[in-house]
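Read in order, the letters of the sequence shown correspond to residues 3 to 513 in the UniProt record's numbering.
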Amino acid sequence: MTPTELSTTAQIRERVSKSLRSCGVDLAADAEATWGSWTPITGERLFPVTPATDTEITMAIARAYDAFGVWRSTPAPQRGALVRRWGDLLREHKSDLATVVTAEVGKISSEAQGEVQEMIDICDFAVGLSRQLYGRTMATERPGHRLMETWHPLGVVGVISAFNFPVAVWSWNTAIALVCGDPVVWKPSETTPLTSLACAALLARAVAEVGAPADVHQLLLGGREVGEQLVDDPRIALVSATGSVAMGQRVGPRVAARFGRCILELGGNNAAVVTPSADLDLATRAVVFAAAGTAGQRCTTLRRLIVHESVADDLLAGITEAYAELSIGDPFDAATLVGPLIGARAYEAMLSALERARADGGTVITGGQRRLHRQAPDAYYVQPAVVRMPDQTAVMREETFAPILHALTYRTHAEAIARNNEVTQGLSASVFTRDQREAEEFMAAEGADCGIVNVNIGTSGAEIGGAFGGEKHTGGGRESGSDAWRAYMRRATNTVNYSPELPLAQGVSFL
Ligand code: NAD
3 MTPTELSTTA QIRERVSKSL RSCGVDLAAD AEATWGSWTP ITGERLFPVT PATDTEITMA
63 IARAYDAFGV WRSTPAPQRG ALVRRWGDLL REHKSDLATV VTAEVGKISS EAQGEVQEMI
123 DICDFAVGLS RQLYGRTMAT ERPGHRLMET WHPLGVVGVI SAFNFPVAVW SWNTAIALVC
183 GDPVVWKPSE TTPLTSLACA ALLARAVAEV GAPADVHQLL LGGREVGEQL VDDPRIALVS
243 ATGSVAMGQR VGPRVAARFG RCILELGGNN AAVVTPSADL DLATRAVVFA AAGTAGQRCT
303 TLRRLIVHES VADDLLAGIT EAYAELSIGD PFDAATLVGP LIGARAYEAM LSALERARAD
363 GGTVITGGQR RLHRQAPDAY YVQPAVVRMP DQTAVMREET FAPILHALTY RTHAEAIARN
423 NEVTQGLSAS VFTRDQREAE EFMAAEGADC GIVNVNIGTS GAEIGGAFGG EKHTGGGRES
483 GSDAWRAYMR RATNTVNYSP ELPLAQGVSF L
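Here it is in structure tokens:
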């Protein structure tokens, strides 16, 4: 199903500039800029913006580094007060931010609103955390002693973010880093400069209102070369980088070479196992959202369906029927479920992956066609595809950032788990079953080897309360809830002797 008219670029510009003004961004100063922002809705340019120069990058890092001196000694609950105010502003401007996200990324409105909701949720979480940065006291082996650990702010955090979650990922990092006492320097995706300007303006307003150090957050617009400067600068204590595996392979070793810390949140290649006992109606709905939602452009998008041979035909028939009902088009239209791909390269990658799947013996059961190209020749709308594969061939072991669901059948539960695990990425996995033994096996040590393992729910759409991230080539990083905050702090182990004696550890005698 394809809804009718797309918004025009002029209409999108109008909506975006109204939202930006409401968030406190004035684009007038950038009128001469050669660099710009585009919308995937029409494939046309929105507004010019100016990337940071080398000098501006160095100065921004220096300002954040200086701010650390003040921020680390500010009591954590007071740091939480900044995040509380920021969260209030995000509530107030939820639809403004969602408008800019939809315009720059092409996410449908409800998903864009959901992404801003994640920002609000992580602010709430971080405010609570600002009074709970607990260390432990451990049993000591020596009389008259106390053994404990304390957590201290780490330093400046460099956040490098990807195009597909242009606000949530930054906020997961920034809300936690700020309450942990760390200033943030943010290098957003080159695809989403306007979204970042709006976010930074709201945070700057919160900073000014609560009287926090003005330089506690810095925004640096630009391409990968800006990210590279953050990666190499020794004043950046932690680089939190979200993006492709290829990016992580470059960033990880460079940060390690200077003994900096890294959180890597990289590509996924997520699978769902559908067992003979699964509720097929529920599984179908979950699979369709996870595979076709966000036009297949989530790191947690479902890309591999591993379905028991006894239910494969029924499940695939249900999915094909649901895919025929997906309305593809303008993400600002409330009836749309699938917006555009981010650009031409994503479309070409999708075509090439479908070609390779066919060459490997796959059958495209539905989808793969381009849509709306007559109306918007520079935009890339596609019909999400399902391909039945004879085996897990090379094309299935890579992440193609587009809505292609590869389906294969299995016979034993052990085989299904092995199939799930035999790719290099390890982000998210799901099992659909009513058999508790199968569910437990899937979550056990010998089960799915991913950072996120779900039962009777799709691979995408995590809540902020849990730690988010994946294993293997997904990078091993964890962000957001649970105890992910520890990566943003340094731990000191303290031994205090309050006795007049000097007993040595392990019973050592000396002097
Ligand atoms: P990308 O790797 O092209 O770019 C991501 C960011 O890294 C951008 O800001 C880019 O400018 C920067 N960058 C690229 N090379 C760099 C380098 N050598 N040094 C420093 N910075 C560099 O990714 P993308 O196309 O924007 O996003 C899609 C990818 O991100 C997918 O692979 C997706 O799975 C992944 N992703 C992962 C998560 C996660 O949490 N695991 C979340 C969102 C997206």
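By construction, the Cβ of each residue, glycine as well, lies at the ideal position given by its N, Cα and C atoms.
For the beta strand (DSSP E) holding residue i, just list the boundary residues, first then last.
i, result
"Arg263", "Arg263 to Glu267"
"Tyr412", "Ile406 to Tyr412"
"Glu151", "His147 to Pro155"
"Val187", "Val186 to Lys189"
"Ser198", "Premise fails: Ser198 lies in the alpha helix (DSSP H), Pro195 to Val212, not in any beta strand (DSSP E)."
"Phe434", "Ser430 to Phe434"
"His219", "His219 to Leu221"
"Asn456", "Ile454 to Val457"
"Asn272", "Asn272 to Val276"
"Gly38", "Trp37 to Thr41"
"Leu304", "Leu304 to His310"
Which residue comes first and which comes last in the alpha helix (DSSP H) that contains residue i?
i, result
"Pro79", "Ala78 to Glu94"
"Lys20", "Thr11 to Cys25"
"Ala258", "Val247 to Ala259"
"Gly130", "Ser111 to Leu131"
"Glu58", "Asp56 to Trp73"
"Phe167", "No alpha helix (DSSP H) contains Phe167, which DSSP labels as neither H nor E."
"Leu353", "Ala346 to Ala361"
"Ala494", "Where Ala494 is concerned, there is no enclosing alpha helix (DSSP H), although the beta strand (DSSP E) it sits in stretches over Met491 to Asn499."
"Gly320", "Ala314 to Ala326"
"Trp284", "Per the sequence presented here, residue 284 reads as Leu, with Trp not at that position. Counting along the chain, the alpha helix (DSSP H) containing Leu284 begins and ends at Leu282 to Ala294."
Heavy atom of ligand 1 less than 6 Å from the Cβ of residue i, yes or no?
i, result
"Ile265", "no"
"Val233", "yes"
"Arg373", "no"
"Asn166", "yes"
"Cys201", "no"
"Cys301", "yes"
"Arg358", "no"
"residue 517", "Any property of residue 517 remains undetermined from this structure, which presents the chain solely from 3 to 513."
"Arg252", "yes"
"Arg226", "yes"
"Thr60", "no"
"Met352", "no"
"Met491", "no"
"Met249", "yes"
"Ile178", "no"
"Thr395", "no"
"Thr244", "yes"
"Ile162", "yes"
"Ser191", "yes"
"Gly262", "no"
"Gly116", "no"
"Gly478", "no"
"Gly269", "yes"
Rounded to a whole number of angstroms, what is the C-alpha to C-alpha distance between residue i and residue j?
i, j, result
"Ser191", "Arg347", "16 Å"
"Ala177", "Ala243", "16 Å"
"Leu205", "His95", "12 Å"
"Trp188", "Arg138", "32 Å"
"Leu240", "Arg263", "5 Å"
"Val129", "Pro79", "8 Å"
"Glu7", "Asp335", "9 Å"
"Val209", "Leu180", "11 Å"
"Asp126", "Ala100", "19 Å"
"Leu328", "Met398", "24 Å"
"Gln427", "Asp451", "9 Å"
"Gly116", "Val158", "28 Å"
"Arg144", "Leu506", "8 Å"
"Ser312", "Gln385", "28 Å"
"Ser163", "His147", "45 Å"
"His415", "Ser432", "13 Å"
"Gln13", "Leu343", "20 Å"
"Asp332", "Gly370", "18 Å"
"Leu317", "Ala280", "10 Å"
"Asn175", "Ile265", "10 Å"
"Thr368", "Leu268", "29 Å"
"Arg358", "Ala214", "54 Å"
- Query: Within the chosen definition, does the region 152–163 reach the region 491–506 through at least 3 CB pairs nearer than 8 Å?
  - Reply: yes
- Item | the region 394–408 / the region 301–309 touching (three or more Cβ pairs under 8 Å) | yes
- Are the region 415–428 and the region 269–276 touching, with three or more C-beta to C-beta distances below 8 Å? yes
- Message: Check whether the region 196–204 and the region 11–29 are in contact - that is, three or more C-beta pairs closer than 8 Å.
- Response: yes
- Task: Mind the definition here: the region 441–449 touches the region 464–476 only if three or more C-beta pairs lie below 8 Å; say whether that holds.
- Result: no
- Between the region 356–368 and the region 388–396, do three or more beta carbon pairs fall short of 8 Å? yes
- Does the region 104–121 come within contact of the region 41–52, defined as at least 3 CB pairs closer than 8 Å? yes
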